[in-house]
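Worksheet: the structure to be examined is printed underneath.
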Amino acid sequence: MKNVRSAVFTLIMTFILSACGATPTPLVVVVTATQPPPTEVPATEIPPTMAPVALAGPQSGEKMKWIDGSVLAYVPASEFKMGDGSVVAPEHTVTVDSYWIQQTKVTNRMFAQCVSVGSCTPPTQEIGGPVYSNPEFANHPVVGVTWDQAQAYCAWMQGRLPTEAEWEKAARGTSGNMYPWGSDQPACDIANFGFCTGRTSEVDSFVTGASPYCLYDMAGNVFEWVGDWYSETYYAEGPLINPTGPESGQYRVIRGSPFESDRDQMPSAIRHFGAQAYHSRDLGFRCAVPQPQPVAPYCQLAAFIPDGIIVSNGCELPAAGVAGQYCSNGNGLATVDIPQGAIYEVSEKLDCEEAVVDGQRVLTCVGPRTVESTNPITVCNSTCSNSPDVTGASPTCDPGYALDPVTGA
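Oh and the sequence shown: position 180 is 1278 in my numbering, straight run, nothing missing.
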């Protein structure tokens, strides 16, 4: 592209916006493996001393980015005190194998991905609950889901609902904490309860109330479905190693507490239950992944115009903009509005098509096919010159040469 001034967008998948010829040329440093110069004596290679190394597995609370965009936290195998001494939850020692569990409740944004590919059905819009399709609530917990809808999502992201024992251990740790954060009474700066906010909150709003495994909202915000059937007598009758609940039942177990909870409903050992088809504005879920097999994230997209764009010679940037970005069938898509008369270049890793929609030129791009790469779309203002401003510049010559003031060479 010659004789133009431009703006650059970036898709991560990414789009970037800058100005052709107006911004400094980036410095690119390429490190390659080379042989030492011929005159240089190679250093004597000393074989390393072989020593056994203990290869440790994941550590307690270790994090892993997962395919649905969530973060998994590791809970190691161990025994723990389960129950609170009540009739339906007598205290007993249980052993569970290691597993990974989502750090937060499943959000509207996460759930929408599953709906978009046809593996999940949309949640019920509950009166007084967050609006599932409103971007303002994208990071709020998804609510209005039945047990089956929650389980379907977990299966889609290669997990399952946690067992009741797994959920309680993740919430309390091995020390028998009354609350996820310890023994301090609930307060509005560590949990969303008692109408502190009067509604659901973003799932990472109360990090100071995290559990021993750095899980958020294990108390407050919304209730959570778990995998087990409910039985009042199961704690006394069930196995003490990896209990998974009764084989059948009328109700499913619900754990945690919602934003309307009184303080006395906040302890992590309290059990609740509901019909499998039940849904509510204060009931969500999170998933467990017993043995995750790491794969590339399903779809993550950031299309934006970067800050700090510099334009010289009074040339205006083209009035282009990112019109939308979304994921579909595992692919990232972004649309860019292109001004009339402007021209553009596209990264070779993006597949783009232009169309005119209601008189507006719209460029729709799919890609990239690589993970975490930055791929610019450069939009140029064809009315501007790309000639550099050399006012006040002094020419220089390579060593051994002198400048001829007559010819300038």
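Where is the CB? At the ideal position from N, CA and C, for every residue including glycine.
Note that the coordinates shown come from a computational prediction; the quantities given were computed from them, not determined experimentally.
Nearest CA to the CA of residue i: which residue from the options?
{"i": "SER1464", "options": "VAL1454, ILE1352, VAL1455, ILE1475", "result": "Checking the sequence, you will find Val at residue 1464 rather than Ser. Considering only alpha carbons, the answer is ILE1475."}
{"i": "THR1244", "options": "PHE1371, PRO1188, GLN1391, ALA1432", "result": "PHE1371"}
{"i": "SER1306", "options": "TRP1279, TRP1327, PHE1321", "result": "A small fix is needed here, since residue 1306 is Thr in this sequence, not Ser. Of TRP1279, TRP1327, PHE1321, the residue nearest in Cα terms is TRP1279."}
{"i": "GLY1382", "options": "PRO1344, GLU1446, GLY1216, ALA1317", "result": "ALA1317"}
{"i": "GLU1300", "options": "LYS1179, VAL1240, THR1481", "result": "VAL1240"}
{"i": "THR1191", "options": "VAL1324, LEU1448, LYS1179", "result": "LYS1179"}
{"i": "ASN1340", "options": "TRP1265, ASP1182, SER1329", "result": "TRP1265"}
{"i": "MET1255", "options": "ASP1195, PHE1209, PRO1156, LYS1267", "result": "PHE1209"}
{"i": "SER1277", "options": "ALA1440, ALA1308, GLY1257", "result": "At residue 1277 the sequence reads Tyr, which differs from the Ser that was named. Of the listed residues, the one whose Cα sits closest to TYR1277 is ALA1308."}
{"i": "LYS1203", "options": "ASP1302, GLY1274, GLU1330", "result": "ASP1302"}
{"i": "GLY1159", "options": "ASP1166, PRO1174, PRO1233", "result": "PRO1174"}
{"i": "PRO1437", "options": "LYS1447, LEU1448, GLN1423, GLU1452", "result": "GLU1452"}
{"i": "GLN1423", "options": "GLN1391, LEU1461, GLU1443, GLU1446", "result": "LEU1461"}
{"i": "ASN1473", "options": "ASP1449, THR1298, GLU1234, THR1481", "result": "ASP1449"}
{"i": "SER1359", "options": "SER1346, ALA1373, ASN1290", "result": "ASN1290"}
{"i": "ASP1326", "options": "ASP1246, VAL1215, CYS1413", "result": "ASP1246"}
{"i": "SER1378", "options": "VAL1213, LYS1161, THR1298", "result": "THR1298"}
{"i": "GLU1335", "options": "GLU1414, PRO1188, ARG1361, ARG1207", "result": "PRO1188"}
{"i": "GLY1430", "options": "SER1214, GLU1322, ALA1440, ASP1195", "result": "SER1214"}
{"i": "ALA1250", "options": "HIS1238, GLY1216, ILE1288", "result": "GLY1216"}
{"i": "TYR1442", "options": "SER1184, GLY1227, ASN1479", "result": "ASN1479"}
{"i": "ALA1421", "options": "ALA1432, CYS1413, GLU1414", "result": "ALA1432"}
{"i": "GLY1257", "options": "CYS1413, CYS1385, ASP1166", "result": "CYS1385"}
{"i": "SER1168", "options": "VAL1186, TYR1376, LEU1313", "result": "LEU1313"}
{"i": "TYR1166", "options": "TYR1172, GLN1363, ALA1253", "result": "Looking at the sequence itself, residue 1166 is Asp, so the reference to Tyr does not match. The candidate whose alpha carbon is nearest that of ASP1166 is ALA1253."}
{"i": "GLU1414", "options": "ALA1440, GLN1389, GLN1391, PRO1390", "result": "ALA1440"}
{"i": "GLY1181", "options": "ARG1369, PRO1390, GLN1389", "result": "ARG1369"}
{"i": "GLU1544", "options": "TYR1376, VAL1229, GLN1389", "result": "The requested residue 1544 is not part of the displayed model; the chain covers only 1099 to 1507."}
{"i": "ILE1288", "options": "SER1329, GLY1347, MET1364", "result": "MET1364"}
{"i": "ARG1518", "options": "SER1329, GLY1183, HIS1238", "result": "Given a span of 1099 to 1507 for the chain in the structure shown, any question on residue 1518 remains unanswerable."}
{"i": "LYS1267", "options": "GLN1348, PRO1156, TYR1172", "result": "TYR1172"}
Drop a sphere of 10 angstroms on the beta-carbon of residue i, count the other beta-carbons inside from all chains shown, and report buried for 16 or more, exposed for fewer.
{"i": "ILE1225", "result": "exposed"}
{"i": "ASP1282", "result": "exposed"}
{"i": "LEU1170", "result": "buried"}
{"i": "CYS1286", "result": "exposed"}
{"i": "ARG1353", "result": "buried"}
{"i": "ASP1515", "result": "This structure does not reach residue 1515, given that the chain is present from 1099 up to 1507, and the question cannot be answered."}
{"i": "SER1231", "result": "exposed"}
{"i": "GLN1133", "result": "Reliability fails at GLN1133, whose pLDDT of 36 lies under 50, so the model's placement of it is uncertain and no value is given."}
{"i": "GLY1296", "result": "exposed"}
{"i": "VAL1455", "result": "exposed"}
{"i": "LEU1338", "result": "exposed"}
{"i": "ALA1131", "result": "For ALA1131, the predicted model reports a pLDDT of 32, less than 50, meaning its position is unreliable and no value from the coordinates is stated."}
{"i": "ASP1315", "result": "buried"}
{"i": "PRO1310", "result": "buried"}
{"i": "ARG1350", "result": "buried"}
{"i": "THR1205", "result": "buried"}
{"i": "GLY1343", "result": "buried"}
{"i": "TRP1198", "result": "buried"}
{"i": "GLN1200", "result": "buried"}
{"i": "SER1445", "result": "buried"}
{"i": "GLN1211", "result": "buried"}
{"i": "ALA1373", "result": "exposed"}
{"i": "ASN1275", "result": "buried"}
{"i": "VAL1387", "result": "buried"}
{"i": "THR1331", "result": "exposed"}
{"i": "PRO1284", "result": "buried"}
{"i": "TYR1333", "result": "buried"}
{"i": "ARG1361", "result": "exposed"}
{"i": "THR1123", "result": "Per-residue confidence for THR1123 stands at a pLDDT of 30, beneath the threshold of 50, marking its modelled position as unreliable; the derived number appears in the next sentence. THR1123 should be labelled exposed."}
{"i": "MET1148", "result": "Below a pLDDT of 50, predicted positions are generally treated as unreliable, and MET1148, at 46, falls in that range; no measurement from the model is reported."}
{"i": "VAL1185", "result": "exposed"}
{"i": "VAL1126", "result": "With a pLDDT of 29 at VAL1126, under the threshold of 50, the predicted position of this residue should be treated as unreliable, though the coordinate-derived value follows. Classification for VAL1126: exposed."}
{"i": "PRO1228", "result": "buried"}
{"i": "CYS1118", "result": "Residue confidence is low: CYS1118 scores 38 on pLDDT, short of 50, so the model does not pin down where it sits. No coordinate-derived value is stated."}
{"i": "LYS1163", "result": "exposed"}
{"i": "SER1346", "result": "exposed"}
Please report the Cβ distance between residue i and residue j, rounded to the nearest whole angstrom; I am assuming they are in contact, meaning their Cβ atoms lie under 8 Å.
{"i": "VAL1324", "j": "LEU1259", "result": "6 Å"}
{"i": "GLY1242", "j": "THR1222", "result": "4 Å"}
{"i": "THR1261", "j": "SER1176", "result": "No, THR1261 and SER1176 are not in contact; Cβ-Cβ is about 15 Å, not under 8 Å."}
{"i": "ALA1366", "j": "ALA1248", "result": "The sequence as given places Ser at residue 1366; Ala does not occur at that position. Actually they do not touch by this definition, with Cβ atoms about 20 Å apart."}
{"i": "PRO1416", "j": "VAL1477", "result": "5 Å"}
{"i": "PHE1357", "j": "PHE1293", "result": "7 Å"}
{"i": "ASP1435", "j": "GLY1419", "result": "5 Å"}
{"i": "ALA1263", "j": "VAL1194", "result": "5 Å"}
Which ranges would you report for the alpha helix (DSSP H) in the region 1180-1254 if only whole runs of at least 4 residues count?
1206-1214, 1245-1254
Where are the alpha helix (DSSP H) runs, 4 residues long or more, that stay fully inside the region 1272-1322, in chain order?
none
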